[in-house]
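Undergrad: Residue numbers (the working numbering): 19 to 493. Virtual Cβ for every residue (Gly too), placed ideally from N, Cα, C.
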């Protein structure tokens, strides 16, 4: 399946990123003369176009439209263009009015939420208790990370990479490191590359355990919720044991690792088996118990449905594509993932039909998949080499290389899906401009589609089952 998964504008030219054959490649797009051309071309997902090229055009007022026009198949393009100027709107929240008939109502949630949830605005058009439509607007904090990176060196950029979406600190640090390794022509030993993949999978396991607990909480099943909330700490604890930080920050840098030197290589290796023990003795039995309960299946199956054709049409990626039965995974055939085996999605298609159940089951399947692969590779890694890998490479040594300015990019399969980062770098190694595409940029629209026809009370469950990044969008 070929689809466009990123678009940007560097040095007066348009570039697009093609996701095909389990890899992402960049190519220049010469046929488009303006950003409007991308919006009018159906092969470009509208959310992607608006994220890449949208501008702040102020308050969105669609109250004068007929409700049928607002809810039509063409609404995406209708709403994307500012009515007077024809400029593409961004997807940030600037205020919103929507049309609804006398027997419907508009229901608003956010952008400020209770608890610790990030800012996001959800505007429902509801008939009785049934959601007719959902409009999502994000970017309320206006963090401006892409602008902050301009003029920064590699040493300055790397800490910001871990702030793009804090639950994916390892993923983004590795994506930026790979990019800079290409720019500076840094050769990375295979054992270090393999260990970095172990860290990516550990980050995935930790988040998936937490998400299984969150979904269980929203369906009122507390045995699994309680176990996941507490025993997610086993995965986070292993991350801290290996790196000195529960979320692995300040650990991955171009060409090297900064690991926890308070332990030795043998202790690092042995620590993995404590996670395996906790998972198999405490977490896994409760997951299997939950998956076997018919009332829980009935609550999740058929709720919040996304089809395989939706994935193709709207460019959904990562977990959202796999839970709908599409085999997409940048780890397949990747040299940093030797012997990686994809999930049997087609063979077990009854589990991957695009609903909340699929999103629950996929997390369980991916935990099992990652743990099996990690256990194999833990025995193959040269732990002594890894724990001695922290020799510093000076900035002077890097600058002495024959640097080639230009556009460098990196894509990898983080826990939500493929991260995509691109930097335009000058001959001294400073950023001219940047492009960052979190998986959530595309997948928030999947949540909009999934809740159509569902009860209002189903929204929290659907939202939790996707667990998308608010801040990963707000760049």
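(1) Applying the 10 Å Cβ sphere with the 16-neighbour rule, what's the burial state of residue 19?
(2) So what's residue 274 in DSSP terms, helix, strand or just coil?
(3) From residue 100 to residue 125, what distance separates their C-alpha atoms?
(4) On the premise that residue 486 lies in contact with residue 66, defined as a C-beta separation below 8 Å, what is that separation, rounded to the nearest angstrom?
(5) Report yes or no: do three or more beta-carbon pairs, one from the segment 295-315 and one from the segment 232-245, lie closer than 8 Å?
(6) Could you name the residues that DSSP lists as bridge partners for residue 34?
(7) Let's see if you can read the secondary structure: which residues bound the alpha helix (DSSP H) around residue 291?
(8) Decide if residue 38 is buried, meaning its Cβ has at least 16 other Cβ atoms within 10 Å, or exposed.
(9) Rounded to the nearest angstrom, how far is the Cβ of residue 88 from that of residue 155, given a contact under 8 Å?
(10) Decide if residue 58 is buried, meaning its Cβ has at least 16 other Cβ atoms within 10 Å, or exposed.
(11) Would residue 435 and residue 372 be called neighbours here (beta carbons separated by less than 8 Å)?
(12) Identify whether residue 367 lies in helix, strand or coil by the three-state DSSP scheme.
(13) May I ask you to verify whether the segment 172-180 touches the segment 193-212, counting CB pairs closer than 8 Å and requiring at least 3?
(14) Over the uninterrupted alpha helix (DSSP H) stretch that includes residue 427, give me the two end residues.
(15) Can you tell me the Cα-Cα spacing of residue 44 and residue 381, whole angstroms?
(16) What separation, rounded to the nearest whole angstrom, lies between the Cα atoms of residue 377 and residue 478?
(17) Is the segment 317-334 touching the segment 347-361 in the sense that three or more CB pairs, one from each, lie closer than 8 Å?
(18) Apply the 10 Å Cβ neighbour rule to residue 132 and answer buried if 16 or more other Cβ atoms are within range, or exposed otherwise.
(19) Taking the straight line between their C-alpha atoms, what separation do you get for residue 456 and residue 449?
(20) Three or more beta-carbon pairs under 8 Å between the segment 325-332 and the segment 249-258, yes or no?
(21) If you draw a straight line from the alpha carbon of residue 289 to that of residue 140, how long is it in whole angstroms?
(22) Quick one: measure Cβ to Cβ for residue 451 and residue 35, integer angstroms, because I've assumed they're closer than 8 Å.
(23) Rounded to a whole number of angstroms, what is the C-alpha to C-alpha distance between residue 50 and residue 60?
(24) State the Cα-Cα distance for the pair residue 114 and residue 76, rounded to the nearest angstrom.
(25) Taking C-alpha atoms, which residue in 245, 280, 272, 273 lies nearest to residue 262?
(26) Starting from the C-beta of residue 466, find all residues in its chain whose C-beta is less than 6 Å away, skip the five residues before and the five after it, and write them out in chain order.
(27) So, at 8 Å on beta carbons, what are the nonlocal neighbours of residue 106 in its own chain, with the 5 sequence-adjacent residues on each side left out?
(28) From the DSSP output, in three-state form, read off residue 534 for me.
(29) Determine the direct distance from the alpha carbon of residue 329 to that of residue 22, and round the result to whole angstroms.
(30) For the ligand HEM, I want to know if residue 290 counts as a neighbour, meaning its beta carbon is within less than 7 Å of at least one of the ligand's heavy atoms.
(31) Where residue 403 and residue 188 are concerned, what is the direct C-alpha to C-alpha distance, given to the nearest angstrom?
(32) Using a Cβ distance threshold of 8 Å, determine whether the segment 422-440 contacts the segment 297-305, with at least three qualifying pairs required.
(33) Buried or exposed for residue 393, please, with buried defined as at least 16 other CB atoms from any protein chain shown within 10 angstroms of its CB.
(34) Just to confirm my understanding: we take residue 104, look at its own chain, exclude 5 residues before and 5 after, and list those with CB closer than 8 Å. What are they?
(35) Can you tell me whether residue 368 is buried or exposed, with buried defined as 16 or more other CB within 10 angstroms of its CB?
(36) Flag this pair as yes or no: are the beta carbons of residue 218 and residue 197 separated by less than 8 Å?
TA: If we stick to the structure as given:
(1) Numbered from its first residue, the chain shown carries residue 19 at position 1. Residue 19 should be labelled exposed.
(2) By one-based count along the chain shown, residue 274 stands at place 256. Here residue 274 sits in strand by DSSP.
(3) The count along the chain shown starts at 1 and reaches residue 100 at position 82. The count along the chain shown starts at 1 and reaches residue 125 at position 107. Approximately 24 Å, taken between the alpha carbons.
(4) Here residue 66 corresponds to residue number 48 of the chain shown, with the count starting at 1. Here residue 486 corresponds to residue number 468 of the chain shown, with the count starting at 1. About 15 Å separates the two Cβ atoms, so there is no contact after all.
(5) yes
(6) If you number the chain shown from 1, residue 34 lands on position 16. Answer is 25, 45.
(7) If you number the chain shown from 1, residue 291 lands on position 273. That run of the alpha helix (DSSP H) goes 283-296.
(8) Here the question's residue 38 lines up with position 20 in the chain shown. Classification of residue 38: exposed, given that the 10 Å Cβ count is below 16.
(9) Position 70 of the chain shown, counted from the first residue, corresponds to residue 88. Position 137 of the chain shown, counted from the first residue, corresponds to residue 155. Actually they do not touch by this definition, with Cβ atoms about 15 Å apart.
(10) For the purposes of this step, residue 58 is taken as the residue at position 40 of the chain shown. Per the 10 Å Cβ criterion, exposed.
(11) Residue mapping note: residue 435 aligns to position 417 of the chain shown, counting from 1. Residue mapping note: residue 372 aligns to position 354 of the chain shown, counting from 1. Not closer than 8 Å, so no.
(12) Locating residue 367 in the chain shown gives position 349, counting from the first residue. Helix, per DSSP.
(13) yes
(14) Taking the first residue of the chain shown as 1, we reach residue 427 at position 409. Careful: residue 427 lies outside any alpha helix (DSSP H), inside the beta strand (DSSP E) at 424-431.
(15) As a working note, residue 44 is residue 26 in the chain shown. As a working note, residue 381 is residue 363 in the chain shown. Distance between the alpha carbons of residue 44 and residue 381: 30 Å.
(16) Here residue 377 corresponds to residue number 359 of the chain shown, with the count starting at 1. Here residue 478 corresponds to residue number 460 of the chain shown, with the count starting at 1. C-alpha separation (whole angstroms): 14 Å.
(17) no
(18) Here residue 132 refers to the residue found at position 114 of the chain shown. The residue in question, residue 132, is exposed, as its Cβ has fewer than 16 Cβ neighbours within 10 Å.
(19) Counted from its first residue, the chain shown places residue 456 at position 438. Counted from its first residue, the chain shown places residue 449 at position 431. Those two C-alpha atoms are separated by around 19 Å.
(20) no
(21) Reading the chain shown from its first residue, position 271 is the one you call residue 289. Reading the chain shown from its first residue, position 122 is the one you call residue 140. Near 43 Å, if we compare the C-alpha coordinates of residue 140 and residue 289.
(22) In the chain shown, the residue the question calls residue 451 occupies position 433. In the chain shown, the residue the question calls residue 35 occupies position 17. No, residue 451 and residue 35 are not in contact; Cβ-Cβ is about 16 Å, not under 8 Å.
(23) In the chain shown, the residue the question calls residue 50 occupies position 32. In the chain shown, the residue the question calls residue 60 occupies position 42. So the two alpha carbons sit approximately 13 Å from each other.
(24) Residue numbering aside, residue 114 sits at position 96 when the chain shown is read from its first letter. Residue numbering aside, residue 76 sits at position 58 when the chain shown is read from its first letter. C-alpha separation (whole angstroms): 9 Å.
(25) By one-based count along the chain shown, residue 262 stands at place 244. With distances taken between Cα atoms, residue 262 lies closest to 280.
(26) Numbered from 1 along the chain shown, position 448 holds the residue referred to as residue 466. 152, 154, listed in sequence order.
(27) For the purposes of this step, residue 106 is taken as residue 88 along the chain shown, with counting starting at 1. Correct list, in chain order: 53, 54, 57, 67, 68, 71, 72, 73, 98, 99, 100.
(28) Lying outside 19 to 493, the shown extent of the chain, residue 534 is not represented and no answer is given.
(29) For the purposes of this step, residue 22 is taken as the residue at position 4 of the chain shown. For the purposes of this step, residue 329 is taken as the residue at position 311 of the chain shown. Near 12 Å, if we compare the C-alpha coordinates of residue 329 and residue 22.
(30) Within the structure as shown, the ligand HEM is missing, as the structure has no ligands at all.
(31) Taking the first residue of the chain shown as position 1, residue 403 is located at position 385. Taking the first residue of the chain shown as position 1, residue 188 is located at position 170. Using only the alpha carbons, I get a separation of about 21 Å.
(32) no
(33) Start at 1 with the first residue of the chain shown, and residue 393 comes out as number 375. Its Cβ having fewer than 16 others within 10 Å, residue 393 is exposed.
(34) Along the chain shown, read from residue 1 onward, the residue named residue 104 stands at position 86. If we look at residue 104 and ignore the five residues flanking it on each side, its Cβ neighbours are 54.
(35) Taking the first residue of the chain shown as 1, we reach residue 368 at position 350. Result: exposed.
(36) Residue mapping note: residue 218 aligns to position 200 of the chain shown, counting from 1. Residue mapping note: residue 197 aligns to position 179 of the chain shown, counting from 1. No, Cβ-Cβ distance for residue 218 and residue 197 is not below 8 Å.
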